[in-house]
Amino acid sequence: MSLVNFTTREITCKIVYYGPGRSGKTTNLQYIYGRVPDDRRGRMVSLATQTDRTLFFDFLPLELGSISGFTTRFQLYTVPGQVYYNATRKLVLQGADGVVFVADSQARQLEENVESLQNLQENLLAQGADARGMPLVLQYNKQDLPQDLVLSPKELDDALNFWSVPSFSAAALAGTGVFETLKAASEQVLRKLSQEEPV
Amino acid sequence: MTEELNPKFSFETLVVGAANRLAVTAARTVAESPGAAYNPLFVYSPTGLGKTHLLMAIGQLAKQLAPESRVEYITIDEFVEAHHAAVAAGQSEALRSRYAQIDILLVDDVQFLTHRREMQAELLRIVQELQTAGKQVVLTSDSPPSEIEDLDERLLSRFDAGLLVDIGPPDAETRLAILMRRTEDRGAQFGEGVLDAVARFEVPNVRELLGLLNKLVAYQAVSESPITPAAAHELLAGEVRTQAPMTTGPAPALTAMGEPVAEPEEERPDEFADFLSDVAHTVEEQVEAWRSKLGEAITRWEAEGFRTGRLERLLDQDVPVSLDRVLKQFEKDVEQLRSMQATMAKLDPERAEDPVFNDPDSLDEVDHLVQTVLHEVGPPPGPSAAWELASFVDGEANKVAHNSAQEVVTQPGVRYNPLVLAGPTGVGKTHLLHAIGHELAARPEAVVACLSAQQLIDELVQAIDGERIDLWRTRYRRATAFLLDDAHLLAGKERTQEEVFHLFNELFDAQRQLVFTTAKAPREVEGLDERLVSRLEGGLVVNMESPDRELRRAIVVRKLQEDVGAADDELADYLAARPADSIRSVIGLLQRVMVAADAQGAAPSAALAREMVEGAAPARPRVSAPVRTSGIMISPSGGVKSREKMVWFWPDPAQRVIEEMT
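So the sequence lines, in the order shown, correspond to chains A and B.
So the first sequence is residues -10 to 188, counted in our numbering.
So the second sequence is residues 762 to 1423, counted in our numbering.
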C-alpha cells in the first residue's frame, strides 16, 4: 500500500488499533467517530457479536480534506483481541502504516497485554515488517479505574514498552487520551513520509 | 515582509486615557524590557482605537532603547502572503529562519487567522520558537482570542498564558484630549467650546473622531467666520453613527439580579480540529521539506558545476515528485558523466573539457562522444586467425577441453566462466584459446582481447612508463571476452596480477567470457595471488594431457593430409608409436621427416622416419622449455648432418623457423 501518491496527490494512512480483547480498541474508534464532523467521516463499519465483542474488525475512514495539496485520508482499523482470531488480525495488519497498541491497565490483564504484544511482533515479522521500523504508540487504557486495580503508566511502561515508543494514559470511554494517542500515531506515520518513497 | 514603522505612531503621540491606560503601560513595559515581562502581549479592541499605533510605538521605543534590536511589524495578511510566496519559491525554511532572528515580532490583525488552520500552525510554531528564545511577541486583534472563530486551541492557550489587555473606546475627556492634540498637530485653531462639542459625540472609535475633526477643519477653511460650538454640533450631528454603548471584551453577562448567567454547558475543545491542525502541520512540514531538499540539491550540484535544469523545472511545478528517486537518478547520471569524463580525459584531455560533460541531460551525447574516441584508440590485441576450432584434433586427452570450448563459444559468459585450460606445454592450449577467441570475435559487436600473459605484462610496463595506465585499462575493459594465454607467467608479477584481478571482476560481473591457459592447475602455480587463484578455480579448470597414441596418429594423419595431400598409414603408425609428451613434438618430428624427404626429393615415409629417428641417438624427451629449444640431428652415417635450432615461440607461433647454424 502506498502511503503517499505524488501523482494523484493523495496521502492514505492505515492505522491499526491492536491489543488484547476488551482493552478498549473499539471504544477508541467510537470516541473518535463521535468527534468527527459528519462530512469528514465515512460510515464506521463495526462487526460485533451479540455480546459486543469485535468479531471481525472495525473500520473508520476519515477524510481530512486537502492538506498542502494532498487529499488526505486516514483509515482506522481495530483487530479482534481474542486469541483465536489471529488470522483476522494478520489480515487487518497487512499494509498497516502505523499501530496503536491499546493495553488494558488492569493489573490482572498484564499477561494478556504481554501476549498480545508478542503476537503483534510475530505477526509483523511474518509480514516482513519489524516492530522497530513500524510507527507504534502504546495506550494504557482504563486509567480511570480505581487505583488499586490498575498499574500506573510507569509500571506499564516498564512491563510493556521495551521499544521505548511514545505511550499515553487514557480513559477511552470518557475520551481522555484518545486523540493524544491518535495524534502521536499520525505524526509518526506522516514523518515517515519523507523517508519512504512511493512505489 | 513588513511595513516600516510609521514614525508618527509613537508613545509620545498617543493620548492615554482610562480606556487604554493598561494597554499602554503594558506596551511600554514590553518595549523597555522585551521578552521579560508579558510574553506574548495580546491587545484587542474594536477597530480604530489605536492597536496599530500601540504596536508601532512599541517598535519605535524598543529601537530607540536598543538600536541593534530587530523589530518586525507585520499584519496577518502580509504574514500569509509572505508564507505563500516562500512556499512557492521553496524558501519556507529561509523564511522561518528569518523569523527566528527577530527580537520583537509585532503581529497585527490576528483575527484574520480564522479558518486558516495551516497558518495558525505556522504562527504557533514561530511564536513558540521566539518565546523559547526569550524574544518578545506582541499581537493585536479586534476581539479576544477566545472569540476568534476556529482558532487552534494551542494558540489560544499560548495567548492566554501571556497578557491579554483590551482597549476601550475613549471617554469624553480622552476624546477631547485627542481632538486638542490633533488640532495642534494640524496647526488649526477653533473657537472655545468647539472641540468640546465634538468630543461630546460618542463616536465608536478614534478614527471616526478624527474624521469629525477633519470635516471641521475643512469646513472652517472655506467659511469666512470662525465656527461656533453650535454650528459644529449641527454640522457633525448627521455624520455620527448611532452607536450602541461602546463596550469591548467579554464582560460577564449579568442577570437583572446582578448574578452571572449560568454559563452554557462548557463547549468541549474541538479535538478533531486540533487533530486536523496537527496533521496539517506535519504534512506541510514534510511536503515543504521536499522543496528545501530539492533547493539544497540544486545549490550543491550547481556549486559542483553541473547543469541543474532538470531539477529547477521540478521546483516550478506544484505537484511534489518522488524526490529521492529523482535525486538518485540525477546523482547516478552525474556519476556516469564523471566516469565518462575521466575516460575521456585519458583518451583526449582537451575534449574532456567540453561543457557537455557537465550536463546530466546530455548523457547520450556524451556517451556517443566517448565511444567515438574509444573507437579511435583501437581495440585490444585479438586472437590469431591461424587457429580454428575446426582444425582442432581431439582425442581422449583433450576431449573435455574441446567440448568446454565449444560450449563457451555457444554460450559465452554463461556456461563456463572462466574456462581455464591447464596442461603441459604443447598439448594444444594455445590453439584452443585462440580458436575460442576467433569464434567469439565473429559475434556482432564483439571485442575479443586474446594475448599471452607475457604480452600483457609488457604492455602494462609500457603503459606505466608512459603514464597511460588508465587508457590501457579502458582498452581492456571494453572487451566482450578476455582470453589470456600462459597465465602462469603472471606468477610473481604482482602489479599485473592486481590489474588482471580487477579486470577479471569487472568483466565477470558484466557476464563477459574469460578464458585462461596455464601450465598447471591454478592452485598449483606458485606465486599466483590467492584471490586470483580462487577466481580461476571458481570456473571450470580442464586438464589437457599429453597426447595418447590414438591422438598422435590422428594429428599426423591430419597434418599429412594438409601438407602432402595423403596420409601414409605406415608413417602415421610409426610416428604415433613414438613416445611424445606433446602434440608439438609429434608435429615437430613429422615436420623434420617432411623436410628431410623434401631434401631427398622423396615422399615422407616410415623408412625415412625410422632412419632419422633410430639411426640417430635416442631422442631425449623434449624438455618443455617455455621459449625455445634446440636439437642436434645426427645423420645415420655418424656425421653431423646438420645442426638445427628449433624456435618454437616466435611472435606468431604458427610459423616455425628453422635456422641453419654454421
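We treat Cβ as the ideally placed atom computed from N, Cα and C, and that holds for glycine.
Fair warning: this is a prediction, and the values are worked out from it, not measured in the lab.
Using CA coordinates, which residue listed in LEU973(B), ASN966(B), VAL1286(B), LEU1264(B) is at the minimum distance from ALA958(B)?
-> LEU973(B)
Answer with buried or exposed for ALA1164(B), where buried requires no fewer than 16 other C-beta atoms within 10 angstroms of its C-beta.
-> Position check: residue 1164(B) holds Asn in this sequence, whereas Ala was assumed. Label assigned to ASN1164(B): exposed.
Mark ARG947(B) as exposed unless 16 or more other C-beta atoms lie within 10 angstroms of its C-beta, in which case mark it buried.
-> exposed
Could you say if the region 1151 to 1165 of chain B and the region 1101 to 1108 of chain B meet the contact criterion of at least three C-beta pairs nearer than 8 Å?
-> no
Please state whether DSSP places PRO990(B) in a helix, a strand or coil.
-> helix
From what residue to what residue does the beta strand (DSSP E) around LYS181(A) run?
-> Taken as a continuous stretch (DSSP letters only), LYS181(A) belongs to no beta strand (DSSP E), as it is neither H nor E.
Note down, in chain order, every chain B residue with its Cβ under 7 Å from the Cβ of LYS3(A).
-> Correct list: empty, because the minimum Cβ distance to chain B is about 14 Å.
Of all the residues that make up the region 55 to 67 of chain A, which are near chain B by a beta-carbon distance shorter than 9 Å?
-> ILE56, SER57, GLY58, PHE59, THR61, PHE63
Where do the ends of the alpha helix (DSSP H) carrying ASP93(A) lie?
-> Per DSSP, ASP93(A) belongs to no alpha helix (DSSP H); it is in the beta strand (DSSP E), 87 to 93.
Under 8 Å by Cβ, that's how I've got VAL967(B) and PRO931(B) pegged, so tell me the actual separation to the nearest angstrom.
-> 6 Å
May I have the straight-line CA-CA distance separating ARG11(A) from GLY70(A), to the nearest angstrom?
-> 7 Å
Which partner residues of THR927(B) appear in the DSSP bridge assignment?
-> First, the amino acid is wrong: residue 927(B) is Asp here, not Thr. Answer is TYR805(B), bridged to ASP927(B).
Where PRO197(A) meets chain B, residues with beta-carbon distance less than 9 Å = An answer regarding residue 197(A) cannot be provided, because it is not within the stretch -10 to 188 covered by chain A.
Check whether the region 95 to 106 of chain A touches the region 134 to 149 of chain A, counting contact only when three or more Cβ pairs, one atom from each stretch, lie closer than 8 Å.
-> yes
SER1100(B) versus GLU793(B), VAL1127(B), LEU1212(B), residue with shortest Cα-Cα distance | VAL1127(B)
Nearest-angstrom Cα separation, counted from ARG1238(B) out to LEU1264(B) = 7 Å
Buried or exposed: where does HIS876(B) fall if 16 or more other Cβ atoms within 10 Å of its Cβ makes it buried?
-> exposed
Give me the Cα-Cα distance between VAL1134(B) and GLU1063(B), rounded to the nearest whole angstrom.
-> 28 Å
Distance between PRO795(B) and LEU802(B) (C-alpha atoms, nearest Å) = 10 Å
Segments assigned beta strand (DSSP E), at least 3 residues, entirely inside the region 80 to 136 of chain A = 87 to 93, 125 to 130
Roughly how far, in whole angstroms, is the beta-carbon of LEU1268(B) from the beta-carbon of ALA1248(B), given that I think they are within contact range, below 8 Å?
-> About 14 Å separates the two Cβ atoms, so there is no contact after all.
Since I believe LEU1351(B) is in contact with LEU1369(B) (beta carbons under 8 Å), could you give me their beta-carbon distance rounded to a whole number of angstroms?
-> At roughly 11 Å, the Cβ-Cβ gap does not stay under 8 Å, so LEU1369(B) and LEU1351(B) are not in contact.
Near LYS14(A), what residues of its chain come up, given a Cβ to Cβ distance below 6 Å and the 5 sequence neighbours on each side ignored?
-> TYR6, GLY8, THR67, VAL91
Proximity below 8 Å, CB of LEU1098(B) to CB of PRO1121(B) = yes
What are the boundary residues of the beta strand (DSSP E) that includes ASP74(A)?
-> Contrary to the premise, residue 74(A) reads as Tyr rather than Asp in this sequence. First-last for TYR74(A): undefined, no H or E at that position.
Top-ranked residue by Cα proximity to VAL899(B), from ARG1371(B), ALA823(B), GLN1361(B) | ALA823(B)
Which parts of the region 1241 to 1289 of chain B are runs of the beta strand (DSSP E), unbroken and 3 residues or longer, counting only runs that do not cross its ends?
-> 1242 to 1246, 1274 to 1279
Going by other Cβ atoms of all chains shown within 10 Å of its Cβ, with 16 needed for buried, is GLN1361(B) buried or exposed?
-> exposed
Chain A within 8 Å of ALA1041(B), Cβ atoms only = yes
Could you check the C-alpha separation between ILE4(A) and ALA850(B) for me, to the nearest Å?
-> 34 Å
Nearest to ASP86(A) by CA position, among MET123(A), LEU138(A), PRO135(A), is which residue?
-> MET123(A)
If you drop the 5 nearest sequence neighbours on each side, which residues of the same chain put their C-beta closer than 7 Å to that of VAL926(B)?
-> LEU783, ALA784, ALA787, VAL804
Report the three-state DSSP secondary structure of PRO50(A) (helix, strand or coil).
-> strand
Return the CA-CA distance between ALA993(B) and VAL964(B), expressed in angstroms with no decimal places.
-> 15 Å
Beta-carbon separation (whole angstroms), VAL1076(B) vs VAL1087(B), contact threshold 8 Å | As written in the sequence, residue 1076(B) is Leu, which differs from the Val given in the question. Actually they are not in contact, since the Cβ atoms of LEU1076(B) and VAL1087(B) sit about 11 Å apart, beyond 8 Å.
DSSP on GLU830(B), reduced to helix/strand/coil?
-> One point to set straight first is that residue 830(B) is Ser, not Glu, in the sequence displayed. Reduced to three states, the DSSP call for SER830(B) is coil.
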